[in-house]
Amino acid sequence: MFFSEHKNDMSRAFGNKILYAGDLIIILLILVAGLLFLYYPRQNGSIVTIKVNGEIKGVYNLNNQNEQTITIAGKKGPLKIKIEKGRVWVSESSCHNKLCIKMGKIHKNGEMIVCVPNRVIISVKNKEEKEVDAITM
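Numbering of the sequence shown is given in the numbering used here, commencing with residue 1 and proceeding in unit increments.
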């Protein structure tokens, strides 16, 4: 008896039709837009910026063919970052969960690795990109 009462309440609220043709078109457009955004190809980045506590500690060339190992002093201890063959990753970390290591290798523009316990952010960008300092109206 409870189910049938609940069903009647729903039919009064939404009418007999649950979805109209226009609703389906809107849902499909949202899904397509989401998939396009998700699979939109990004360019490879050219520089790596390493920040600790919001302060830039180094900017490195990602396209350098030589292997680089950078040791950064984080809040919880040292963090070893490797740059090789156009990719950057955290090889060793003093944090507990090691999520920054599990994030893997990055190389696309806009990608980043974050180690929250050590307060370290490693981001990949293009040289041409300019950061916005302020917006005025």
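Every residue gets a Cβ at the ideal spot worked out from N, C-alpha and C, and that includes glycine.
Could you tell me which of the options sits nearest to residue i, measuring between CA atoms?
i, options, result
"residue 109", "100, 95 and 63", "63"
"residue 44", "127, 107 and 120", "107"
"residue 84", "127, 37, 47 and 120", "47"
"residue 55", "120, 125 and 127", "120"
"residue 115", "126, 80 and 28", "80"
"residue 86", "97, 65 and 73", "65"
"residue 42", "111, 29 and 127", "111"
"residue 53", "40, 29 and 73", "73"
How far does the alpha helix (DSSP H) with residue i in it extend, from its first residue to its last?
i, result
"residue 140", "Any question about residue 140 goes unanswered here, given that the chain covers just 1 to 137."
Over what stretch of residues does the beta strand (DSSP E) that includes residue i continue unbroken?
i, result
"residue 122", "120-125"
"residue 45", "Run containing residue 45: none; DSSP gives neither H nor E here."
"residue 61", "55-61"
"residue 116", "Residue 116 -> no beta strand (DSSP E), and no H or E assigned at all."
"residue 65", "Careful: residue 65 lies outside any beta strand (DSSP E) and carries neither H nor E."
Throw me the rounded Cβ distance for the residue i and residue j pair, which I believe falls under 8 Å.
i, j, result
"residue 113", "residue 100", "5 Å"
"residue 118", "residue 51", "Residue 118 to residue 51, Cβ: 11 Å. No contact."
"residue 49", "residue 125", "6 Å"
(request) Pick out the complete alpha helix (DSSP H) segments inside the stretch 85-109, 4 residues or longer, and give them in chain order. (result) The qualifying runs are 99-102.
| task | Say whether the stretch 67-83 touches the stretch 91-98, bearing in mind that this needs 3 or more beta-carbon pairs closer than 8 Å, one atom from each stretch. | result | Contact holds: three or more Cβ-Cβ distances are below 8 Å.
For the stretch 46-65 and the stretch 18-29, state whether three or more C-beta atom pairs, one from each stretch, are separated by less than 8 Å.
Fewer than three pairs of CB atoms, one per stretch, sit closer than 8 Å, so the stretch 46-65 makes no contact with the stretch 18-29.
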